[in-house]
Every structure is written in structure tokens, then in C-alpha cells.
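Protein chains in written order, with the numbering used here: chain D, 781 to 1107; chain F, 220 to 785; chain X, 191 to 510. Structure, as C-alpha cells:
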Amino acid sequence: MGAYVIRRLLWLPVVLLVVTFFTFTIARFGPGDPVSVAAGQIRDPEVLAQIRADRGLDGTIVEQYQRWLFDAVRGDFGESFQQRGFTVSEIIFPKMWISAQLGMLALVIVFGVGIPLGLLAARLSGTWVDPFVIGTLLFLQAIPVLVVIPPLLWLFAVQYDILPVGGWDGLFDIWWIGGVIAIPIPDPHLYIPLLAFTLPGFAGVARLTRITALEVQREDYIRTARAKGLPESAVAFRHVLPNSLLPLVTVVAFALAGVVEGAFFVETLLGIPGIGRFTFEAVVSRDYDAILATTVVFSVLFVLMNLAADLTYGLVDPRVRVGATRS
Amino acid sequence: MSGQNRLLAILLGVLAVLVLLVGGLSAVLLVGGGSDDGSPSGVRSGTSDGGGSGDGGDGSSSATGRLRLSGTDPVTLDPHLATDASSAEYIVEIFSGLVTITPDLEIALDLAEALDVSADGTVYTFTLRDDAFFHSGRRVTAEDVAYSINRATSRELQSPVARAYLGDIVGAREHLAGQADSVSGVEVIDDRTIRFTLDAPKPFFLAKLTYPTAFVVDQQQIESNPRNWTRNPNGTGPYRLQEWRLGERIVLESNARFYLGEPPLKEVLYALSGGSALTRFENDDLDVASISINDVDRARDPSSDLNPLYAVWPQFTISYLAFNTAKPPFDDVNVRRAFGLSIDRAKIAAVTFNSMIAPATGILAPGLPGYTADDKTLPFDPDAARAALADSKYTIQDGRLVGPDGPLTIVITEVGAGAEAAIDTQAFLEQWRTELGLDVEIRQTDFATYLAEQDAGELQMFNGGWIMDYPDPEDILDLKFHSGSQLNDLSYANPQVDAFLEAARTEQDPELRLQQYRDAEQLIIDDAAWLPLYFSQAHVVVNPAVTGWFEPQMVIPRLRFVEVNR
Amino acid sequence: MTSQAGVAEAPRSPVVGRSEWAVTWERLRRKRLAMISLVLIAIIYGGGLFAPLLSPYTYNEQNLDRALEGSSADHLFGTDRLGRDVLSRAMYSARTTLIVTAAVVLSGSLIIGNTLGLLAGYRGGWVDNVIMRVGDIFSSLPGLPMLILINAAFAPRVTDLVRQVEDNTPLSGLVSSGFASYLILFVALSLFFWVGTARVIRAQVLQLREREFIMAAESLGASQRRIIFRHVLPGVSFLIVLQVSSGLGSVAGSEILLSWFGVGVQPPAASFGAMLFEGSGARTFQAHPNLLLVPGVIVTLLLFSFALLGDALNDAMRGR
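Here it is as C-alpha cells:
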């Protein structure tokens, strides 16, 4: 299995190479470039041509790509046109950090709420509760982020004026009690983005928990435990819960992918200075180096997520012997 | 079972790691919250964090109060590279130049205390104030001014605007092209005297010098930290950058040694992220907020609590429809006029923009030199429009204009940031369809594509805007409509217009010069090269604790006129 | 764009013979929720399909004197800022969604995804490797920004190309009908949507290959084509149906998100993304909730119906 992981990781540079070349070509294939966007309304063609030449934007695509690759391998991802005087890495890392905090918190909530709801539905399978819970969660999943955010904002920020209308101010605020005891409370800026992130995510986790829990309940050892006269709560916590959790490992990767996709919209709509919003700004203004850097970030993330998903499949289902399949 | 227990352990481990990660991160944030270590911010040393009420590093400071605004990240704080309004907003407060623009849009001396212009209008001799200092405490000398002009026009800096703003100085173009080591037209006479020689008498030269490209920067700082100096810039302006956290906030602090006296306002906080400004204003998180189209009815309602705080300020920004006069069918003036005569701008401004913009009366906005109040634009007159179209060399067939080479497709291009096209463009399309019987297609592109095609002169018809850079008609009429101008993206050429514009370039009599611009403006409107649409307005609400706030027509230094009494 | 999770678990009784389709349909018909979903989908898509006949106004009929009205007898769901009928625009938006989803599912998921999946699973070896590695690359690209970039790069060129075709052939109205923008959208979406289908199909084919009846057919010397069409294809057909049903929902969702960002049909043509864009913002919602709610509720119902239908289909195929 170690060899398999290493082989998959060795594949990563190849993927990155192809992905960056693809992105590089597409970005430069379109009309327009960051030089004219950065120039403002008085654009002097001679000056712009000179800037292009000095920034190395007038060579062939392959030449330019070679230059970019050579720098990138040494950790230099270039300089942003949108933010002069800052390297792309300097801009991206704090933004990734913000997005990662939000995303992690969202994941924890998705699993923290989804698992109990799934267990509840399984426990009350056959009653109205089961379809009601699952149906509600499925409905929440079906509402696009674009539709859910304006009403949330209206309700919490405009009508009742209890939450800010977006932005970012760190993960926690501290309440000091008597100047001695510090109680960290989640920053109010977090609530609406977290709602937007997590509402569509519960259904997947809860449904999988429910299915596996139902299957586990039919297993022999559960029946044995019940036959032994263990109280129902003990059966649920000692046997059903642990064994239903296992398949959930596999959906962590999928849930993470959902959060990453959601970040593009949630961050754009709520003015959160994260990587998703930055990616869109870079794409629109054709900020070449920034586009490439965000592509690298997302590609690494996706490749690792796929790897994690494959590995956990193998762990959960011994029949899928990782590394022994034909691929 | 044992295998499954191992798995369970792994899973719980993962969860535990997640929880620890989040918890640990927040702990780091809590501990490091005040010091901002490791963030790409330019934290100025010497002052304590936050609060704003606390006294800064300078004991002699008399400034008080804290103003909270919403803002965006500047593209750059290097005055010589900045080309956009959002960067200039900060730069004009942090830096300054020889001359500036007052709130009345007069050109006034700033770092200079005296100016002598030679009789032929080509030699400008400035005498510097002796009490002007950089934020670091170093005195500003003529050498600093000369260094700044030479830096702005250096080939290495690649300033996209240096040629436009400083190209009138003898030798600046050669310096920009890398053919000279310095600008020959800039001479340091002594410590406090500097002389500029121009290639011709240019009445608008002083206006151009008010732009950040001519601002003074600190040579020592730039040479010691050429890459990152703008994160902690040492300027000469009334405010200095105290903190800049990318995408989060910018804090400006008053400069106690400012040569015109320390500004009364101590601290200005720009929040760079966050949603609707008005909601934040109403939650008392902002002191100034712009009003959106959905809120303007409430702000106008005399019984609303917003109404007393609400004000409208005209802006030097015009939006227009432009025709490429080299591309059929817009090579025919009758077609262009027909398009202009068939749109009802007044009604569209009233309905779709809820009267938040003013229908344009010409090309020059109210307040600009040369502006007259009478409406010089094409009126809404469908009958005249149809008559003009009938006079053209094209005929209409199945909703399309047919020329000698067959039917023509008419496409209007505009920048589309989101899904929906500009609401007024869609209304125009409908009016051309109903009044003229012509089908026009909308094409939305992103900004980069739009600029590339506009510069290449490929756009047949497009929706554009122009923000005045300095308050002189030359900045719009000569730049956009002279047949030789590189910014003339319409292939527009009218020898009469060219003659007026060229005469005005060197005309020394101000009144005569403005009349020449007015004549050119009327000719351009009659040729319908542009259809001027609207003049922008700023709609804002201001917290009653703030006095002296105003929305200038263009970016000018204003924070030092503001006070906050809280 | 990553909603393949729902079908990732392999069904228990994979072999659903030709004759069993009827059984599956019977099972499905007994599920009330599934039938309601089907009816909802039919109503929404039917409204789109027959929008030119059914809608009270056209999508672009403006009346500036009646802008931003609420519900009335003339305009059931009110009007937007240009005085256009919201109901009519919603119907035309459904039409846009219908065209895009049908085209993408047909080309991306059904044709490209299944062919490549079958090929990879059945042929194995380097063919398998190439296909799956290319799939890896596509699935590691950030989908939404990539689609915007692709659209920006190719849209002007494709439009010009289509316009040239128009000028040199008797065809006309291609550009104004939005053909070019549909083309880009559906090619770009197809690029990303085949991967999931191909993976699932390939895995199933790999399992099938080990079955006796295929081995028997192979040893009897049946041609590859015969084996694929007579033995493998029926074995994966249930998966194909599941893929299509889940694909419809996720493509529709993606189309709406993309058109919100301006990728897709050009205005004034109607799309749900454009309508949602116009209605978004807390203040707009407060003043004119119909602008967001009408497209929002329709879109939610559509996606919800697809989810329920997919679930029920899954159950029915597994014999539940």
C-alpha cells in the first residue's frame, strides 16, 4: 500500500504539469491581457507594448510557459497585476488560510449535525420521522446557494439586525469575564456563511449514516447484543454508531469538494476575502500568474482528496484491495 | 472486528485533528490578534493597535476622532504606477505633489509655495516650502522632486501613465524610451527651487501635475527596499499608512507634522471586506455609506430617518454609447443620429435607475470648465430618427440594415461582470427594435477582452464610461476625439474638430480656449460619434457626528477637511 | 459538479434484464413521491419546451411604465426592472436549462462518458490508463473558474465562426438565437461531466468481465462488438439510467450557477442564473422578493424533484 501511495503521489507532478499548461494556454488564448486591465483608462499602446516585452508576455506560449515553470518550481509564482508589489504567494496564503478555517468549520458542522440526524432517521425507521428528516435535508440540498443567501441576509442582517452582512473578522471573538476568564465565541461574521456552506451538506452525510446504520442493525452481533439484553441505548452507542461511522470516512473527500465549490459563491456573495473570491477576480481580470497559482492550489487539493477517497475506500471495504486492482 | 476498531480509531483521530486544528488556529489568532505577525501588512511601528482614541506615537498630536469608511484594496500605493480611482483615493492622502486640487476644483500650490511661469508659457519655476517634511521627518528638497519625476518617467518603472502626464516636459519621452539617463527638462536650481521646461506652452500642464504620477516619493526608502516600500510608504501627505491587511482593512493616521497643519481627524479606518454598506451604516459600523437603487426611495422619503443624512453629489463621470465610425453601418452619420434620436434616456434614467443618474446634456459634465447648462444632445424624436435612417445609404430588411455588401449585423459590446446585461442597454435594444425596426445583439465580455478589442478598434458599437483625470476639457475632448489621439477608439476624424482642439492646446486666453472646446463638443455631438448618456452622481448617507464630509467630482485630497465629533 | 457520491455505492443486483425494465417501472409507479417529482419535472420542462406557445408575453417584451410591479391579473408573478413579465421569463429560462441539460447529458454523460467507460473497462491496458489519467486531470481542475476562463477564451472566436457560417451559407439567425453560446456552454460542461460516468461504468465493467457468462462468450470466440453489445451493455444499462438521472440534476444546477456568472446564453435571452442575479441582494429581496423567489422556487423544485426521482429510481432498480 505504501508503494501505491507513492505511485499516486509521483503522478501528482504529471497532473500539475498538464493542468498548468492547459490553464496557461487557455488563459493566454483569450483576447485581452492583464497589462491593459492594469493600465486604466489612459492606455498608451507604446507603453503597454514595452511593459509586455519587459514582463516577458510577448514570446510564444511555450517559451512563456517554460519561464513560468522554471520560476514556479523554485517557489516563485510571480507577481499579481491586481495587487502590485505583492507576490502571488503573499496574497494567496492568507486568503487560503481564511477559506480553510471556514471550510474546516463547515465540515465539522456538516458531520457533527449530519451523523446524529442520520442515526435518528435509522433508529426511527418505519415511522414518519425517517422520511421527514431525510426529505427535509434533501430539500435543503436542492436550494442553490444563490437562492438561499439573500433571504438569510435579509432576515438576519436587515430585518432583525443581529448579524453582520458579510465580511471577515477572524474565527473567534473573546468575551472577557471580569478581565480574567476568556471565553471564545464564534465571530458573528461566520454564521451566515456557515449556514450557506452547511445547509446543502447535511443530506449526504445523514443519508449515508442512515443506510449503513440500517445495515449494521441487521448484522448478527447487534442481534446478539440485543438478545443479551443490553439496553437499547447501549446497543446504539457501543455497536451501531461505531460501525455506521466507518463508511463516512469515504465521504469526507466529497464533502470537502462540496465546500470548495461552495466557497466560490459564498465568498463572492458575502464579501469574504478568501481564495474562492480571489480566483474569480483573477479570472475576470486575466491576472495570469494569479490564475495559475490558484489552479495549482486547487489541483493539489483535488488530487489529494481523490487519493484520500480511494485509500479510505480500501480501508472500509476490504474487497477493494488498494493497489491490487488493474489500474 | 479488530480491523474495524482500527478504522474507528483512525476516523476519530481525523475528527480530533480537525477539532484541534480549528481550535489551535483560533488560539493562535487570539494570541496573535493584536500584533499581526506573519500577515502581509505594513504595520507602522510606534503606535498601539486599534482603539483609535489612544494617542499615537507623537505626543504633540491634537487630532481626535475616528472615521470608519468602506473601501477596496488599492492596486498599488506607488503614486507613479497608480491609474485607478481606488488606489488614488489613498495615495492623495498619503502623498502630495507640487500642486493640488482644492475642493472647489481650483489648482493650488501644495509642496510649492511659489510658482513663476515664463512669458511664453514653457518654463515653470517652483519654489518649495521650507516646512515640508516626509513622514520620517526628513525635509523635502528640490532633489526629491527631481528624483520623483525621473523615477516616474524611467523605463524600468514601466508606468503606464507617465507619458500621458509628464510627457510634456522636455526630455521625458526620451527618458521613458531609455534613450536618456534623466529628464533634461527638469533642473534643480538650488535646495528649494526646481525648474521644468516644456516642449510647448501647455495650459493644462499644471492640471496634469496634480495627478499622483507627479507626486514626491522618498528616494532613500525606495532604494533601500525597492520591492516592498509601498507597504509602509514614506510620503509627505496629511495622513500616513498605519496598517494595511490585504482584503481586511486599511488604517490611516494623521500626520502631526503636515505642512498645512495637522488634520483634525486622527484616524481613518477603511473596512475592505463586508456586504451592503448601508446595512453596516445602519448597524453603526460605518460612518459613510453609498445608497443603492433599492434604498434610494427610503432615503428620499422625508419621514425616513435616513433622509436628513442623505445627500447627492455630481461626479465627473460620463457614460456613453460609442460608434466605430469606420465600421458599417456606423460609417454613415445618419445611422448614428437615428440611433441617438430613438432612445429615451430621460425615461430610462427615471425608470431603470430610479433617477439616480442625470441624463447627460453634453460631453462636459457640470462643474468642468467649459460646461454650459443647455442640452446639446440629440433629443428623443422617433420621427426624426426614422427620417434620418431613411436618408442613410442603408435600407432596412427583416430587421437588419442592408448595405452594398449585403445585410449587416449590429452588435453592441459591453463589460459583463455578472449575468445580467446593463439594464439600460436592454432598454435601448427594445427602443431600437420598436422605433427603428432594427435588431441589435448584445455581446458581453469580460473586462480584459473588452479593453483589448476596444484598443484594437474592433468594436462596432460599445457601452463605455469616462472618469475625468484632471478638471480640464482637454482630458476628454482631445484624448478621445482628436483624429491623432491614440485613445480615439472610434476612428473618428473631423478636420474642424481637430482644428479647434489643436488651437485650444496652446491658447493662452482661458475664455477663448474654453470656447474652442465648446465648439468642438457641439460638432462631436452633431456627428453623433458618441451618444452621451448620463452623468453619474454619488448618493451617500453620512453619520451626523461627521462634519465637513463631501463627495468630490473626482479623486482629490479631502480627509483633512473632515472632523468626527464623538 | 462533484455530485457523483449518490451513485458511488454499487447496487446489489446489478443484472437487470431487458424484461425487467417493466418491473422496475411498476415499482417506480408505486412510489408516490417519485411520481410527484416526475410530474413537477414535466411541468417545469414542459413550460420551457412550449414557452413560445404558453407564455403570456415574450421574454423580452418591455413596458417601462409598468416596471417592478407586484402580482396582478396581467402579470401573475409581477414584472422586473424593465417591466418584463417574470412568469414569461421564468418559462424561457426553463427552456434554456432544458436545452443545456439535455445536450450535456446526451453528449457528455451518455455518449462520451459511457463510451470511454466501456472502452476503459473492457479493453483495459493502455487504453484504460490513458482514459482514466485524462479523467484524473479533468477532475483535478477547479471546474467553475475553468469554465469561465474557457468561455472567455473561446466565446468570441466561436461566435465569429458561427457568424461566418451564417454569412456564407443560407443558414441565418444562429447567433441571435443563442446557438453559439449554447454550443460553448455545452462543450465546456461536457468536458467536465464525462469523467464521473466513465469511472462508474468502468468499475462495473471490470466486475462484469470476471463473470462466467462473459468469459464463456469470450472463449467461444464471440466478437468484441458482440460481447459489448449483447453482454456488457445490458449489464451496465441500469447504471447508465442512474447516471443520466443524477446527471440531469447536477447539470441543471451547474447551468444555473454558470449563467449567474455570465457564462451561457447572452442577454436579453432569459436564464435562471440571470434572473437570480437580478433578484439577489438583501435589499432587492426586501423590496421585490418576487424577483428572487420565482426563479428560486422553480429551480429548487426542479433540483429537489431530480434528487427524489434519482433516489426512487435507485431503489426501484435494486428491487426495493
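All C-beta atoms, glycine included, are put in the ideal place defined by N, C-alpha and C.
Beta carbon of residue i nearer than 9 Å to that of residue j
{"i": "Arg990 (chain D)", "j": "Leu899 (chain D)", "result": "yes"}
{"i": "Tyr343 (chain F)", "j": "Asp349 (chain F)", "result": "no"}
{"i": "Arg279 (chain X)", "j": "Tyr249 (chain X)", "result": "yes"}
{"i": "Leu974 (chain D)", "j": "Leu917 (chain D)", "result": "no"}
{"i": "Arg1006 (chain D)", "j": "Ile914 (chain D)", "result": "no"}
{"i": "Tyr478 (chain F)", "j": "Leu648 (chain F)", "result": "no"}
Nearest neighbour of residue i, chosen from the options [CA to CA]
{"i": "Trp934 (chain D)", "options": "D:Val925, D:Asp856, D:Val945 and D:Glu1047", "result": "D:Val945"}
{"i": "Thr372 (chain F)", "options": "F:Asp746, F:Gly397, F:Val359 and F:Glu481", "result": "F:Gly397"}
{"i": "Ala541 (chain F)", "options": "F:Trp532, F:Val336, F:Val552 and F:Gln534", "result": "F:Val552"}
{"i": "Phe376 (chain X)", "options": "X:Pro485, X:Val489, X:Val487 and X:Ile302", "result": "X:Ile302"}
{"i": "Ala1070 (chain D)", "options": "D:Ala829, D:Ala783, D:Ser869 and D:Pro896", "result": "D:Ser869"}
{"i": "Val531 (chain F)", "options": "F:Thr449, F:Leu778, F:Phe769 and F:Thr291", "result": "F:Phe769"}
{"i": "Pro814 (chain D)", "options": "D:Ala962, D:Met876, D:Leu837 and D:Met884", "result": "D:Leu837"}
{"i": "Thr474 (chain X)", "options": "X:Leu334, X:Gly325, X:Arg271 and X:Arg353", "result": "X:Arg271"}
{"i": "Gly486 (chain X)", "options": "X:Phe467, X:Asp501, X:Ala477 and X:Leu498", "result": "X:Phe467"}
{"i": "Val484 (chain X)", "options": "X:Glu251, X:Ala232 and X:Ser261", "result": "X:Ser261"}
Close Cβ partners of residue i (< 7 Å) along its chain, the five nearest in sequence each way excluded
{"i": "Asp418 (chain F)", "result": "Asp387 and Val389"}
{"i": "Leu742 (chain F)", "result": "Asn713, Gln715 and Val716"}
{"i": "Val295 (chain X)", "result": "Val434, Gly437, Leu438 and Val441"}
Same chain, Cβ closer than 8 Å to residue i, neighbours up to 5 away in sequence not counted
{"i": "Arg519 (chain F)", "result": "Asn526 and Tyr529"}
{"i": "Arg652 (chain F)", "result": "Gly618, Asp658 and Val659"}
{"i": "Ile615 (chain F)", "result": "Leu608, Val621, Leu655, Gly656 and Leu657"}
Alpha-carbon to alpha-carbon, residue j and residue i
{"i": "Lys595 (chain F)", "j": "Leu560 (chain F)", "result": "13 Å"}
{"i": "Gln397 (chain X)", "j": "Met405 (chain X)", "result": "12 Å"}
{"i": "Ser281 (chain F)", "j": "Leu324 (chain F)", "result": "28 Å"}
{"i": "Asp610 (chain F)", "j": "Arg555 (chain F)", "result": "12 Å"}
{"i": "Ser413 (chain X)", "j": "Phe403 (chain X)", "result": "14 Å"}
{"i": "Lys546 (chain F)", "j": "Trp749 (chain F)", "result": "14 Å"}
{"i": "Val422 (chain X)", "j": "Val395 (chain X)", "result": "7 Å"}
{"i": "Arg1057 (chain D)", "j": "Asn480 (chain X)", "result": "27 Å"}
{"i": "Arg835 (chain D)", "j": "Leu828 (chain D)", "result": "10 Å"}
{"i": "Leu492 (chain X)", "j": "Gly469 (chain X)", "result": "19 Å"}
{"i": "Arg732 (chain F)", "j": "Leu491 (chain F)", "result": "43 Å"}
{"i": "Leu620 (chain F)", "j": "Leu627 (chain F)", "result": "6 Å"}
{"i": "Arg724 (chain F)", "j": "Pro242 (chain X)", "result": "58 Å"}
{"i": "Val472 (chain F)", "j": "Val359 (chain F)", "result": "According to the sequence provided, residue 472 (chain F) is Glu. The question's Val does not apply to it. Near 20 Å, if we compare the C-alpha coordinates of Val359 (chain F) and Glu472 (chain F)."}
{"i": "Gly1038 (chain D)", "j": "Gly493 (chain F)", "result": "23 Å"}
{"i": "Ile340 (chain X)", "j": "Ile310 (chain F)", "result": "36 Å"}
{"i": "Ala757 (chain F)", "j": "Asp514 (chain F)", "result": "14 Å"}
{"i": "Gln862 (chain D)", "j": "Val1077 (chain D)", "result": "19 Å"}
{"i": "Leu244 (chain F)", "j": "Ile1055 (chain D)", "result": "At Leu244 (chain F) the pLDDT is 46, less than 50, meaning the model places this residue with poor confidence and gives no usable figure here."}
{"i": "Asp953 (chain D)", "j": "Leu885 (chain D)", "result": "15 Å"}
{"i": "His354 (chain F)", "j": "Leu351 (chain X)", "result": "58 Å"}
{"i": "Ile923 (chain D)", "j": "Leu447 (chain X)", "result": "12 Å"}
Amino acids of chain D, ordered along the chain, whose beta-carbon sits closer than 8 Å to that of residue i
{"i": "Ser492 (chain F)", "result": "Gly946, Gly947, Trp948, Gly1051, Ile1052 and Pro1053"}
Neighbourhood of residue i by C-beta distance below 6 Å, restricted to the same chain and skipping five residues each side
{"i": "Ser427 (chain X)", "result": "none"}
{"i": "Phe496 (chain X)", "result": "Leu438 and Gly439"}
{"i": "Leu240 (chain F)", "result": "For Leu240 (chain F), the predicted structure reports a pLDDT of 48, less than 50, and the residue's modelled location is therefore unreliable. A value from the coordinates is still provided. Same-chain partners within the cutoff: there are none."}
{"i": "Arg1106 (chain D)", "result": "Caution is warranted here: a pLDDT of 36 is assigned to Arg1106 (chain D), below 50, making its placement in the model unreliable, and the coordinate value is therefore given only provisionally. Same-chain partners within the cutoff: there are none."}
Partners in chain D for residue i, counting only beta-carbon separations shorter than 7 Å
{"i": "Ile686 (chain F)", "result": "Gln821"}
Per-residue contacts from residue i into chain X (C-beta, under 7 Å)
{"i": "Thr668 (chain F)", "result": "Ala342 and Pro346"}
{"i": "Asp665 (chain F)", "result": "Ala342"}
Within chain F, partners of residue i - CB distance below 8 Å
{"i": "Val925 (chain D)", "result": "Near Val925 (chain D) there are no residues of chain F at all, since even the closest Cβ is about 15 Å away, more than 8 Å."}
Contacts of residue i in chain F (Cβ-Cβ under 9 Å)
{"i": "Leu288 (chain X)", "result": "Chain F residues near Leu288 (chain X): none, gap ~18 Å exceeds 9 Å."}
Partners in chain D for residue i, counting only beta-carbon separations shorter than 9 Å
{"i": "Leu331 (chain X)", "result": "Val799, Phe802, Thr803, Thr1075, Phe1078, Ser1079 and Phe1082"}
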